[in-house]
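Colleague: The sequence shown begins at 11 in the working numbering and counts up one residue at a time. Don't be surprised by glycine CBs; every beta carbon is placed ideally from N, CA and C.
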Amino acid sequence: MNTKRNIKEIAPLLANDFVDLEESIFDTDLYSDFLTKNFERLGIFNKYLICKLHDSWIINIINQNDSLLIELNDFSTYVFAHSIIDKFELSIDPDYISFPIKIELKGNLKLEYNKVDDFGNLIKIEPLKLDEYLYEQVSKIENNRIEIVFHFWKSNLDTEKPGERIIVIASAKNIVLTENQDKAWNETFGNKYDKYYEYFKSQFDSDRYVSDHNECAKLITEFENKKNK
């Protein structure tokens, strides 16, 4: 009996990073409808779905007491903060700033770490340290269960081997996302650049791509032009 599971069936949204696809196997419209239908169950997590947390590095992952807590440095906010530092030539070291987001899955937690072979087959592995958040797909939502397939990056800094992609399948009764960026922004900048920050957040919420230094520089210029009119 063949019990192999394949990334193309488990999380087709993520499959293209693991196997060559001659054509798209993922229905984005159907997925969008699925997320809209389950908006209340997903809560604030909705705001960050589909690439909004891409490249956010992992501060911590804690698995205990029937809960999985993933703490990230929100990459988009970090890039904008870095752009503010550059624009105004502030004496703040970007290497030491962080804008945390916490994703917690809790209640009846099930967790599985996997590698993916060249054919897309999932290979279960022991939990390991992960470095960067790449993507996710919400794969199932039932009465008492939300299942999410997370795609992470694992660096191999101590060897000459390249890093590798890791799939983590997590399911739980509830998911809660806690935004701590506002507090971190205030601790980093005080209130001097709050209006810039509010403009950035409005653009982020509008689904504009703002996770790039050049785009953030444009955004700052835009805001100043609007302010001076």
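Measuring only the C-alpha atoms, how far is N190 from L59?
Modeller: 17 angstroms
Colleague: Taking the straight line between their C-alpha atoms, what separation do you get for N83 and L52?
Modeller: 20 angstroms
Colleague: Give the secondary structure of F98 by DSSP, where H, G and I count as helix, E and B as strand, and everything else as coil.
Modeller: coil
Colleague: Going by DSSP in three states, V89 sits in which element: helix, strand or coil?
Modeller: helix
Colleague: The beta strand (DSSP E) spanning K183 covers which residue range?
Modeller: Unbroken run through K183: none, as it is neither H nor E.
Colleague: Using only the alpha-carbon positions, how far apart do N70 and E99 sit?
Modeller: 30 angstroms
Colleague: L24 and H161 look like a contact to me (Cβ under 8 angstroms); what is the Cβ gap, rounded to whole Å?
Modeller: L24 to H161, Cβ: 5 angstroms. Contact.
Colleague: So, at 6 angstroms on beta carbons, what are the nonlocal neighbours of E183 in its own chain, with the 5 sequence-adjacent residues on each side left out?
Modeller: Note on identity: in this sequence residue 183 is Lys, with Glu being the wrong assignment. Excluding positions up to five away in sequence, the list reads G117, N118 and N154.
Colleague: Are D141 and S165 closer than 8 angstroms when you measure CB to CB?
Modeller: yes
Colleague: Tell me where the alpha helix (DSSP H) around Y5 begins and ends.
Modeller: This structure gives no information on residue 5, because the portion of the chain shown stretches from 11 to 239.
Colleague: Is it buried or exposed for L229, if we count other Cβ within 10 angstroms and need 16 for buried?
Modeller: buried
Colleague: What is the rounded straight-line gap between the Cα of I35 and the Cα of K202?
Modeller: 47 angstroms
Colleague: Okay, do the stretch 90-99 and the stretch 205-224 touch, 3+ Cβ pairs below 8 angstroms being the bar?
Modeller: yes
Colleague: Nearest-angstrom Cα distance between E32 and D128?
Modeller: 15 angstroms
Colleague: Note down the Cα distance separating S66 from E152, rounded to an integer number of angstroms.
Modeller: 28 angstroms
Colleague: DSSP on K57, reduced to helix/strand/coil?
Modeller: If DSSP states are grouped into helix, strand and coil, K57 belongs with the helices.
Colleague: Starting from H161, follow its DSSP beta bridges and name the residues at the other end.
Modeller: Y145 and I177
Colleague: Pull the bridge partners of I111 from the DSSP assignment, please.
Modeller: DSSP lists L82 and E189 as partners of I111.
Colleague: Would you decide whether Q74 is buried or exposed? Buried here means 16 or more other CB atoms lie within 10 Å of its CB.
Modeller: exposed
Colleague: Within the stretch 12-79, note down every full alpha helix (DSSP H) run reaching 4 residues or more, in order along the chain.
Modeller: 17-20, 38-47 and 49-52
Colleague: Can you tell me whether P172 is buried or exposed, with buried defined as 16 or more other CB within 10 angstroms of its CB?
Modeller: exposed
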